[in-house]
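Student:
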Amino acid sequence: MPNAIYDAGPSLALDVYRRYDAGHLTDNLLRYKGDVYDRLWRELLNSYMDCVGLCVNITSSSAVDVLNSDDLYRPPPELLRTATRAPNKTFQLGFHIQVSSYVSRTEPMHVYFHFAEIEKLKAGQRREMFISSGGKNLHESFTLDYLVPLTIGPIELPIVMGVIQFSIESQKLSGLPPIVNGIEIFRVLELAQGVLTDSQDVDAIMNIKEMYNLSRKWRGDPCVNSSWEGVSCSTSRIPRIIMLNLNSSGLTGVIAAPISNLTAIQYLDLSNNYLTGPIPEFLASSTSLKFLNLAGNNLTGSVPKALLQKSISGALTLRLDNNTNLCSLDSCEGKDKKWPIIPVVTSAAVFMLLVIALVIWGALQISAMKKMDSFKSKSQKFTQSQITSITENFKTVIGEGGFGKVYLGTLANGLKVAVKLLSSESKQGAREFSQEIKLLMRVHHGNVVSLVGYCSDPKSMALVYEYMPNGNLKDHLSGHYEGVVLSWQDRIQIAVHAAQGLDYLHNSCVPRIIHCDLKTSNILLDENKQAKLADFGLSKAFKLEDATHVTATTGAGTPGYIDPVCEESPKFSRRSDMYSFGVILLELVTGKPALIGGIHGISLLDWVLPQYNNGEIPSIVDERLHGNYSIDGAQNLLMIAISCLNSNAYERPGINEVLAELKQCLGKENIQSGTSSCSKPKCNSAGSSHVSLEAEISQLSAR
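Put into structure tokens, the structure is as follows:
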């Protein structure tokens, strides 16, 4: 991308807020193949336009030639083939775009307008327009040529009461109504003079991008531009790249040699790709590397001896599992059998730990495989007598809800389970019970509770789940476990796990699922505090792949977590779940319930916002943490939560965007050994990995 475009000026940077395709009026995200700069566009909402129901969408069958034009912004041809048009020449195209709450209200936004004449005009006709705001012209008038792109900008627009307003109007002598094809909006960020990433790091990361043909939107300075997904930097005078996360990025070939030039790297994740060849020696020679994850690739040969020694000594956390052609010894030559590499969990242990691990590894693997098989196999149907036997005649109650009671049980193979028994007085009827069985039988993810089996006997309807010994998140946050307080790192990790589960339901499960009742009591914790989503009685699956909403036939949701939009309409969407997830994030930060003062109390958001707007972060964060968190980390986690709670549902981020931010937050937390610093909320996309690495990363701060 040429440096001449999107230039904010000296000591300033532009941070993309939204890109709108004005010719389409839905809420989908678009990444056009013809966009030479690989930009992500949203289709403009009707609610942002003053001419709702009056404006006309127009489309041309002819393509706009952007590559041979003088317009360096090169908007995608498909975007320019469509436009929105005012109903007549006296009608202005007025826009009022609500800005998310995390955006600073003190700085103006930079707006770029993209135009192309896509209607064949009669002889003597011309379309002459100008841009205004508050009755003031912002740019001299301009005319459009047929199928020729024109970009106007940047135009500075202030944020007034959380909204930016502007109009596109026709000049009096113009015989045609105004049109617009695309709009880009940027935040303006002030940069400290002379703060640029180390040049060697910049060269290295760009070489890595080129070698792996990465399609990520890496533009500008890596440590200045916060949109560099998967990259985190130090806060030193000359910033250095300290984290590179290329997990599940489709990487092929060998481990890139330019990585050796990232001499300050502390966290490197290349897991779950298609990398081949040997592990290079330069990874062992890095003096800064603390965490290296190469799991889930096709690496071959022996592991460098120096790398194993660092792992054994505790200087490095190393993940090498699921590389079937790696050798555990320092050389594979002459070996008929290749031994599987043990994932090394570093601590202050001595070499004897590795020897012991070799002895017990096989037994542990068999045990783990049996446990996983019991959950992944087809759900078992139990009889009423079997349910009675499993629970020892319903001896131990471990939970209770509107559906009835949950009992502790033990299967014949010794596996502990939780048995959810449907009460005859339950609000959850047989219909919801059946719905939960159907959904849980098709979902398989490490952050979604597993269904072991069920009993459909009308007199004893029950669901049998995997047992989660650490109970639910609500009990932990409410002080139910006296003297046990979730650490700041635990809370971020739980948020990541819950987001991974929700990302699976929203984007990967077939059909996609809306939970409809996300809340802290429906987030369960296993023995390692790994969070899993539970309670799918009110959940809904999309009937069609391209559907955006489902209709709830019962009173779905829980007060305090329900999207205000859904209180007026039974239609639930993924954005409804995002609202609930935002409330959960606020609970993790504050330790307070969704409704303060009971069912008729104030919402947690209403309690947080006044203090947040006044910068009173310490008064918001759970006092039981006794200050063991960073102000910046808390502030940015609150930003993520508040963006999920935007009153305009269409402005809420998707769970994939939130997951990317939370993963970066967790990565920085672990690298800095207890000092978190989340990146600010942005629309970054990131796929979730079925293998949870966060538990492994947490060992960095545990040492």
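Numbering (this note's numbering), first residue to last: 229 to 931. The beta-carbon is built from N, C-alpha and C at its ideal position, and this holds for glycine as well. This structure is a prediction, so every number in the text was calculated from the model and none was measured.
#1: How big is the Cα-Cα spacing for LEU522 and TYR260?
#2: Please go through the same chain and pick out, in chain order, the residues whose beta-carbon is closer than 6 Å to the beta-carbon of TYR248, but skip the five residues on each side of it.
#3: May I ask you to list the residues that DSSP assigns as paired with CYS555?
#4: With a CB to CB cut of under 8 Å and the five nearest residues on each side skipped, what residues in its chain are close to GLU755?
#5: Take SER514 as the anchor and find which of GLY529, LEU650, GLY403, LEU535 has the nearest alpha-carbon.
#6: From the DSSP output, in three-state form, read off ASP834 for me.
#7: Check this for me: beta carbons of VAL645 and VAL692, under 8 Å apart or not?
#8: Leaving aside the five residues before and after VAL677 along the sequence, list all residues of the same chain whose C-beta is less than 8 Å from its C-beta, in chain order.
#9: Once the 5 residues before and after GLN863 are set aside, which same chain residues still bring their CB inside 6 Å of it?
#10: May I ask you to report which of helix, strand or coil DSSP gives GLY681?
#11: Per DSSP, which residues does CYS461 bridge with? Please list them.
#12: Give me the Cα-Cα distance between LYS609 and PRO792, rounded to the nearest whole angstrom.
#13: Determine whether the beta carbon atoms of ARG444 and GLU457 lie at a separation below 8 Å.
#14: Tell me whether ILE742, by its Cβ, gets closer than 7 Å to a heavy atom of the ligand FAD.
#15: For ILE790, which of helix, strand or coil comes out of DSSP?
#16: How should PRO450 be labelled, buried or exposed, when 16 other C-beta atoms within 10 angstroms of its C-beta is the threshold for buried?
#17: With H, G and I counted as helix, E and B as strand and the rest as coil, what does DSSP make of GLN608?
#18: Would you decide whether HIS743 is buried or exposed? Buried here means 16 or more other CB atoms lie within 10 Å of its CB.
#19: Do CYS893 and LEU813 have their beta-carbon atoms positioned less than 8 Å apart in this structure?
#20: Do the segment 287 to 294 and the segment 344 to 359 make contact, defined as three or more Cβ pairs closer than 8 Å?
#21: For TYR245, which three-state DSSP category applies?
#22: Spatial neighbours of PRO406 within its chain, please: C-beta separation below 7 Å, excluding the five flanking residues on both sides.
#23: DSSP puts MET337 in a beta bridge; with which residues?
#24: Using a Cβ-Cβ cut-off of 6 Å (strictly less than) and excluding sequence neighbours within five positions of LEU701, which residues of its own chain qualify?
#25: What is the rounded straight-line gap between the Cα of ASP431 and the Cα of ALA869?
#26: What are the boundary residues of the alpha helix (DSSP H) that GLN863 is part of?
#27: Answer yes or no: does any C-beta atom of chain D fall closer than 8 Å to that of ASP266?
#28: Do you know how far the Cα of SER541 is from the Cα of LEU240?
#29: Considering only the alpha carbon of each residue, which of SER361, LEU496, ASN856, GLY882 lies closest to LEU520?
#30: Note down the Cα distance separating PHE800 from ALA351, rounded to an integer number of angstroms.
#31: Any idea what DSSP makes of GLU755, helix, strand or coil?
#32: From this set, LEU714, THR318, ASN550, which residue's C-alpha is nearest TYR502's C-alpha?
#33: Go ahead and pull the three-state DSSP assignment for ASP497.
#34: Beta strand (DSSP E) containing LEU650: first to last residue?
Tutor: With the given structure in hand:
#1: 33 Å
#2: ARG270, LEU272, ILE411
#3: SER530
#4: PRO697, ASN698
#5: LEU535
#6: helix
#7: yes
#8: LEU668, TYR693, GLU694, MET696, LEU752, LYS760, LEU761, ALA762
#9: ILE845
#10: strand
#11: ILE469
#12: 39 Å
#13: yes
#14: This structure lacks the ligand FAD, and indeed carries no ligand of any kind.
#15: coil
#16: buried
#17: strand
#18: buried
#19: no
#20: yes
#21: strand
#22: ALA314, GLN320, LEU321, MET357, ILE396, GLU397, SER398
#23: LEU385, ARG415
#24: THR748, ILE751
#25: 35 Å
#26: 859 to 872
#27: The displayed structure is made up of one protein chain only, and chain D is not part of it.
#28: 45 Å
#29: LEU496
#30: 51 Å
#31: coil
#32: ASN550
#33: strand
#34: 644 to 650
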